[in-house]
Amino acid sequence: MVGCSADGNLNEEKYTQPLPWIGLFVAAASLVCAVAMAADLIHGIRHRKFWFPSRFFSINATSLTIIAVAVKFSVDLNTPMPSRVDQLSKLSSAVLLSVTIANSMPSLGTAKNKEIMMNIMAFAILVVAVFVNIAIQLGTGVIYICWWEHVVVMSLMLVMLMILGSSALAVVTTKTELEFKYKKKCDMTMQEGLKDINTRTPGELKEDLMKFWIMAHTSNPQFVMARSVTSTASGALCLLSATVLADAMLRSFYMPGSFKFCVGESDYKWSTTLVLIAHTVAVGVGTVAPAVRWFTSVFYRLPKNGKKSNRGTHFKVEKYWIQCLMEIKECPFIHIESQQLRKLAYKAKRSFLDTCIQAQIGIVMACKLVQFICILCVCRIVRVYDSCCKLKRLLPSNGTSVDQGLETNKIDLSHFALHLEGEEELVEVTMRKNCTATDHWMRKGKKKQPKHLTDLLKMATFTEGFKGVAEFDSEQVCSLEGEEPPQSWSLPIVTLTAIAVSLPNVSSCSVKHLIRSVHEGLVYVKLIEEYEDGKEELPNIRRAAYHVWSGVNIYHKWLDLDLHQLSLKSKGTRDVLERLVEAGKERLANFKNTYLTRCPKVSPSEWPAEALAANSMYRISNTILHIYHHNSSTSEESLFGTLVVLISDILAASLTNLRPFVFGKCLKSTIEEKKASVREAVYLLGQMEEIVELLDQSSLSIVYSDKITTIADWRSLH
Numbered sequence: 020m021v022g023c024s025a026d027g028n029l030n031e032e033k034y035t036q037p038l039p040w041i042g043l044f045v046a047a048a049s050l051v052c053a054v055a056m057a058a059d060l061i062h063g064i065r066h067r068k069f070w071f072p073s074r075f076f077s078i079n080a081t082s083l084t085i086i087a088v089a090v091k092f093s094v095d096l097n098t099p100m101p102s103r104v105d106q107l108s109k110l111s112s113a114v115l116l117s118v119t120i121a122n123s124m125p126s127l128g129t130a131k132n133k134e135i136m137m138n139i140m141a142f143a144i145l146v147v148a149v150f151v152n153i154a155i156q157l158g159t160g161v162i163y164i165c166w167w168e169h170v171v172v173m174s175l176m177l178v179m180l181m182i183l184g185s186s187a188l189a190v191v192t193t194k195t196e197l198e199f200k201y202k203k204k205c206d207m208t209m210q211e212g213l214k215d216i217n218t219r220t221p222g223e224l225k226e227d228l229m230k231f232w233i234m235a236h237t238s239n240p241q242f243v244m245a246r247s248v249t250s251t252a253s254g255a256l257c258l259l260s261a262t263v264l265a266d267a268m269l270r271s272f273y274m275p276g277s278f279k280f281c282v283g284e285s286d287y288k289w290s291t292t293l294v295l296i297a298h299t300v301a302v303g304v305g306t307v308a309p310a311v312r313w314f315t316s317v318f319y320r321l322p323k324n325g326k327k328s329n330r331g332t333h334f335k336v337e338k339y340w341i342q343c344l345m346e347i348k349e350c351p352f353i354h355i356e357s358q359q360l361r362k363l364a365y366k367a368k369r370s371f372l373d374t375c376i377q378a379q380i381g382i383v384m385a386c387k388l389v390q391f392i393c394i395l396c397v398c399r400i401v402r403v404y405d406s407c408c409k410l411k412r413l414l415p416s417n418g419t420s421v422d423q424g425l426e427t428n429k430i431d432l433s434h435f436a437l438h439l440e441g442e443e444e445l446v447e448v449t450m451r452k453n454c455t456a457t458d459h460w461m462r463k464g465k466k467k468q469p470k471h472l473t474d475l476l477k478m479a480t481f482t483e484g485f486k487g488v489a490e491f492d493s494e495q496v497c498s499l500e501g502e503e504p505p506q507s508w509s510l511p512i513v514t515l516t517a518i519a520v521s522l523p524n525v526s527s528c529s530v531k532h533l534i535r536s537v538h539e540g541l542v543y544v545k546l547i548e549e550y551e552d553g554k555e556e557l558p559n560i561r562r563a564a565y566h567v568w569s570g571v572n573i574y575h576k577w578l579d580l581d582l583h584q585l586s587l588k589s590k591g592t593r594d595v596l597e598r599l600v601e602a603g604k605e606r607l608a609n610f611k612n613t614y615l616t617r618c619p620k621v622s623p624s625e626w627p628a629e630a631l632a633a634n635s636m637y638r639i640s641n642t643i644l645h646i647y648h649h650n651s652s653t654s655e656e657s658l659f660g661t662l663v664v665l666i667s668d669i670l671a672a673s674l675t676n677l678r679p680f681v682f683g684k685c686l687k688s689t690i691e692e693k694k695a696s697v698r699e700a701v702y703l704l705g706q707m708e709e710i711v712e713l714l715d716q717s718s719l720s721i722v723y724s725d726k727i728t729t730i731a732d733w734r735s736l737h
């Protein structure tokens, strides 16, 4: 019965019935955290990124909501939790929160400035709420076992939150500094010989991209955050927190006498076991990435070749840690009319920020102390290992060194590695681990080379400077409108392919091969046109091209005209071409009667996609009809071959922009996107290496392609 009972008291029997299902919900949220952290772990191992970037588990509204659900047991103030599993699930909930803080720290690097502040505040509210609730439960006796373990985990949780906030303060400064260094290095690289981009061989391009890769990798905001001293300390504390949970669980299960649990069952019933299992899995998975970051950072900072580290330098707090607070301190204050209040507010602001700066220095110094202690401990282990290796070398061995001399062939790119103040010792390690990354992505690109496109490009008129670029659209064709829309690379290619598909008595194999080749080519043409959009505003024309291409490629239709049926019903090649001319003319007339009457002053480049496609079909099919008229003895196969050469010439001319496009990818992206952009550029170069070598056969592609980029520029040469 809901409401009051027979004696007038509130009926509370059903209040606890949903709790097992709530526990199941908590377990599900914990598993979601585990899966996201495992995905980051697998991604890092698969791509050999042992600093484990936060790609799937990052600080945002979604993850914070899931974490809040996953740690629900820590904020449950009054539900009795008497048994061993109940009490351990309370502890595991607090440990899970600590693990999520350490795991998501690199994601600060890719967050926007405003997002960082809001997310840190939200995380701080959650951590403080959990801290206060656990403290209340320790006082009321809801948590009666693992008292000291909870105190340790709570302390670590607060320290890790402060480290997270300290890291966030340095993100903006480090991004700005590294972006400035990246631009400076790019200018230096261009001065070293990249001004003549179009004369670079594929080997030289690869070497140039290696420079960009090193710069992009070392300035990657997530990598910068992962290698920082705060991340190192956070990883150590995360490992310590997980160790506390592991110790408590092992003692409770295998040393029953160490804890005295109460008899009974919580209202969460069977779901508590599921929650503990889910928490344990999440903590186990989530500890790996911070622990590896910690160990890697410590190992890379070990003294090399017996050199002693300079302790004074090690404990120096770099400027970028406090620069943000210093800038805020020097900013003008809000205008206040009263001079006394203005002075008071100014002094209060400076005093508060001075306190924050001192706190920031203290946190960074504490992190450096943790790192230094870890280095001392690991250093002794490494010395023992080195001693064992020396003893092994003293033993007789028939083996010979195979590595000697291999390093001499490597290019020294160490001066392209970007680093912050105090990170000089990481340059050598970064170079050793990442110089081969470009080779890896080049090899992957070579495995995906566009073979059909390469075969098509071999039919281009290299020795004649791709004359088909000028011949596909004749000036002898009368314009149906006063002003013609500008030309693009993709629309003529698509229109010529549609005409080729419509020709009768052409083998289906030839048509399929052409469509496949053009489809491969349009992938790269689209990239080039998007890159050129900053110079030429042709979005409508590009949309028209790909709108038409989807129909030609899939259904063999040009707009609503079935090209296969047109070929079957026609009386011959001339009839097909005349029908295509009329189809374009008719659709352009319809556009003129409907659209241009309402908007007579609209620019041709802003015409709808169908009108642009119709105009292109009218002009190009008319041009092909003139070619056929002057040589009426030409067979369908021969005319098809002529169209293929025209398509090949246009594709080849457009692809001469590949080199500028590749370097544009490296130069124009934001610092958060630079590494992905450089990786795409290297992969693209691997795909197009054979085509780049093929295009270099044309003298025009070398002499003029640094001056001409658009199809209009190419047509002006002929």
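The sequence shown begins at 20 in the numbering used here and counts up one residue at a time.
All residues carry an ideal CB built from backbone N, CA and C; glycine is no exception.
Model, not experiment: these values are computed from the prediction.
Check	Outcome
Helix, strand or coil for D581? Go by DSSP, reduced to three states.	strand
Among the candidates I646, V520 and N524, whose CA atom is the shortest distance from the CA of K531?	V520
Can you find the residues in the same chain that come closer than 6 Å, C-beta to C-beta, to I560, ignoring five residues on each side of it along the sequence?	S507, L510 and L631
With DSSP run on the structure shown, which of helix, strand or coil describes C739?	Residue 739 lies beyond the stretch modelled for the chain, which goes from 20 to 737, so this question has no answer here.
Would the beta-carbon of V294 fall within 9 Å of that of S123?	no
May I ask you to verify whether the segment 459-475 touches the segment 691-707, counting CB pairs closer than 8 Å and requiring at least 3?	yes
Do L599 and S640 count as a contact pair if the criterion is CB distance below 9 Å?	yes
With burial defined as no fewer than 16 other Cβ atoms inside 10 Å of the residue's Cβ, what is the status of A80: buried or exposed?	exposed
Helix or strand or just coil, what does DSSP make of C393?	helix
Does DSSP put C497 in a helix, in a strand, or in coil?	coil
Please report the residue range of the alpha helix (DSSP H) in which K133 lies.	N132 to T159
Would you say L475 and S667 are within 9 Å of each other, going by their C-beta atoms?	yes
Report the partner residues of K576 according to the DSSP bridge assignment.	D581
What does the alpha-carbon distance come out to for the pair L713 and E196?	41 Å
Less than 9 Å between the beta carbons of A255 and W313, yes or no?	yes
Answer yes if the segment 182-191 comes into contact with the segment 131-145, meaning at least three C-beta pairs across the two stretches below 8 Å, and no otherwise.	yes
Would you identify the three-state DSSP class for V488, choosing helix, strand or coil?	helix
Is there contact between the segment 74-90 and the segment 53-66, where contact requires at least three CB pairs shorter than 8 Å?	yes
Assuming L522 and V571 form a contact by the criterion Cβ under 8 Å, report the distance between their Cβ atoms to the nearest whole angstrom.	Incorrect: roughly 13 Å between the Cβ atoms, too far for contact.
Do you know offhand how far P19's Cα is from I155's?	With the chain represented from 20 up to 737, any question about residue 19 goes unanswered, as that position is not in the structure.
What's the C-alpha gap between Y550 and I355?	50 Å
Where are the beta strand (DSSP E) runs, 3 residues long or more, that stay fully inside the segment 597-683, in chain order?	none
Looking at the secondary structure, which residues open and close the alpha helix (DSSP H) in which K465 lies?	A456 to K465
Could you please give the first and the last residue of the uninterrupted alpha helix (DSSP H) stretch that includes Q106?	R103 to N122
Does the count of Cβ pairs from the segment 474-488 and the segment 729-736 closer than 8 Å reach three?	yes
Indicate whether S112 and A89 have their beta-carbon atoms separated by less than 9 Å.	yes
Which value, in whole angstroms, describes the spacing of the CA atoms of C343 and Y365?	18 Å
Jot down the residue ranges of each uninterrupted alpha helix (DSSP H) in the segment 208-289, minimum 4 residues, whole runs only, in chain order.	221-237, 240-245 and 248-273
Taking T193 as the reference, give the member of V243, M234 and G158 with the closest Cα.	V243
Closest to S589 by C-alpha separation, out of F44, N524 and R535, would be which residue?	N524
Just to confirm, are N676 and I547 a CB contact at a threshold of 9 Å?	yes
Looking at Y637: is its Cβ nearer than 9 Å to the Cβ of K604?	yes
Assuming L607 and N634 form a contact by the criterion Cβ under 8 Å, report the distance between their Cβ atoms to the nearest whole angstrom.	6 Å
Span of the alpha helix (DSSP H) holding M6?	One cannot answer for residue 6 here, as it falls past the ends of the chain, which runs 20 to 737.
Can you tell me the Cα-Cα spacing of S624 and H575, whole angstroms?	26 Å
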